[in-house]
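> Sending over a structure as structure tokens; questions will come in a sec.
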Amino acid sequence: MSREQLHRASRALFPHLPPELRLKIWTLNLPTLRLVSISSGTEAGCDSDAGLFAGCTSSAPIPANLHVCAEARANALERFRYVFGFVRLPGRVLYNPDSDILHFGPRDGYMASVAQFNTCMTMCDPAQLALVRRIAISDALFWAGSSYHSMSAARLTVDVLSSMTEHMPALQQVFFIPGEEDEPHEAAQTEERMARQIQMAIDTLCRHRPDWKPPPWTIVTLQTLLGACG
Numbered sequence: 001m002s003r004e005q006l007h008r009a010s011r012a013l014f015p016h017l018p019p020e021l022r023l024k025i026w027t028l029n030l031p032t033l034r035l036v037s038i039s040s041g042t043e044a045g046c047d048s049d050a051g052l053f054a055g056c057t058s059s060a061p062i063p064a065n066l067h068v069c070a071e072a073r074a075n076a077l078e079r080f081r082y083v084f085g086f087v088r089l090p091g092r093v094l095y096n097p098d099s100d101i102l103h104f105g106p107r108d109g110y111m112a113s114v115a116q117f118n119t120c121m122t123m124c125d126p127a128q129l130a131l132v133r134r135i136a137i138s139d140a141l142f143w144a145g146s147s148y149h150s151m152s153a154a155r156l157t158v159d160v161l162s163s164m165t166e167h168m169p170a171l172q173q174v175f176f177i178p179g180e181e182d183e184p185h186e187a188a189q190t191e192e193r194m195a196r197q198i199q200m201a202i203d204t205l206c207r208h209r210p211d212w213k214p215p216p217w218t219i220v221t222l223q224t225l226l227g228a229c230g
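Numbering (UniProt numbering), first residue to last: 1 to 230.
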């Protein structure tokens, strides 16, 4: 029997499997790790009526199970939810806190990256933000302009970490991502600078919030993180 014939036969037999076995197969077919890059506004992968929508959007690939059949879709939607609309409006970011890394990347414009982060923190449903377990933060959030200023970066790092602490109490892991333009050149110096800056911000927060336990964090390139997500 050829591979194509075997594939056709398996598809024909699949509906006759016991329901609990089919559900296990659908579950195993779900992504185990995704990087969900979000934007505030409507520019990333929106429908024609998106002008009426206020909230976060994402270009992250949709799990394939949602396009297979009603059974697979229902199984996927037990784990993935549409979230991160503004002012409690329905969201359009498909998100699973068990498997997804929420990513805040760079944006064009003066302090646009951190402004986008702050908008999401203040406008999204607090109950949905409280579910986030993994987050990836671009170094761009800590730049006040096109050049690096240590004092501004230190203040912005404290502000971002403080906001994360307030809105995301379930955080289990934080990834800090160097700017893509920094990765090929002087990577070691960039990582050392970021590590020092982040640790100083954590120490500052710990002094003001003695009961706070900072989540584990690491510095990783965007390419490495994308590779881990498959």
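Heads up, the beta-carbon is just placed ideally off N, CA and C, and yes, glycines get one too.
These figures come from a predicted structure and were not determined experimentally.
Which residues in the same chain have their Cβ closer than 8 Å to the Cβ of Gln197, if we skip the five residues on either side of it in sequence?
Excluding positions up to five away in sequence, the list reads Phe142, Ser150, Ala153, Ala154 and Thr157.
> Give me the Cβ distance between Val87 and Met121, rounded to the nearest whole Å; I'm assuming they're in contact under 8 Å.
With a Cβ gap of about 13 Å, Val87 and Met121 do not count as contacting.
> Compare the beta carbon distance of Leu102 and Tyr95 with 9 Å and say whether it is the shorter of the two.
Yes.
> Three or more C-beta pairs under 8 Å: does that hold for the region 129-144 against the region 159-171?
Yes: at least three Cβ pairs fall under 8 Å.
> For Gly55 versus Phe80, is the C-beta spacing smaller than 9 Å?
Not closer than 9 Å, so no.
> Give the range of the alpha helix (DSSP H) segment to which Ala206 is assigned.
This sequence places Cys at residue 206; Ala is not what is there. Per DSSP, Cys206 belongs to the alpha helix (DSSP H) from Ala187 to His208.
> Whole angstroms is fine: what's the gap from Leu28's alpha carbon to Asp98's?
If you take the alpha carbons of Leu28 and Asp98, they lie about 14 Å apart.
> Output the distance between the C-alpha atoms of Ser59 and Ser39, rounded to the nearest integer angstrom.
Each residue's Cα considered, the two are about 9 Å apart.
> Which word fits Phe14, buried or exposed, when buried means at least 16 other C-beta atoms lie within 10 angstroms of its C-beta?
Answer is exposed; the Cβ neighbour count stays below 16.
> To the nearest angstrom, report how far apart Leu23 and Arg73 are at their CA atoms.
Approximately 11 Å between the Cα atoms of the pair.
> Buried or exposed, going by whether 16 or more other CB atoms sit within 10 Å of the CB of Asp100?
Burial call: buried.
> Pro210 and Ile202 - do their beta-carbons sit closer together than 9 Å?
Cβ atoms of Ile202 and Pro210: not closer than 9 Å.
> If we count the other Cβ atoms within 10 Å of its Cβ and call it buried at 16 or more, is Thr221 buried or exposed?
Its Cβ being crowded by 16 or more others within 10 Å, Thr221 is buried.
> Identify whether His149 lies in helix, strand or coil by the three-state DSSP scheme.
His149: coil per DSSP, three-state reduction.
> Specify the secondary structure class of Ser217 as computed by DSSP and reduced to three states.
It should be pointed out that residue 217 corresponds to Trp in this sequence rather than to Ser. DSSP places Trp217 in strand when its eight states are reduced to three.
> What is the rounded straight-line gap between the Cα of Phe175 and the Cα of Val36?
Approximately 13 Å between the Cα atoms of the pair.
> With H, G and I counted as helix, E and B as strand and the rest as coil, what does DSSP make of Arg107?
Coil, per DSSP.
> Among the residues of its own chain, which have a CB less than 7 Å from the CB of Met194, if the five just before and after it don't count?
Result list for Met194: Asp139, Phe176, Pro178 and Ile219, in chain order.
> I'd like the ranges of any beta strand (DSSP E) spanning at least 3 consecutive residues and lying wholly in the UniProt domain "2EXR" (13-102).
DSSP runs (the beta strand (DSSP E)) wholly in the UniProt domain "2EXR" (13-102): 34-40, 56-58, 81-83 and 93-95.
> Can you give me the C-alpha to C-alpha distance between Leu225 and Thr204, rounded to a whole angstrom?
In a straight line, the C-alpha of Leu225 is about 28 Å away from that of Thr204.
> For residue 237, does the three-state DSSP call read helix, strand or coil?
Residue 237 falls outside the range modelled here, since the chain spans only 1 to 230, and no answer is possible.
> In terms of alpha-carbon separation, which member of Tyr148, Ala127 and Pro31 lies closest to Thr190?
Cα-wise, what sits closest to Thr190 is Tyr148.
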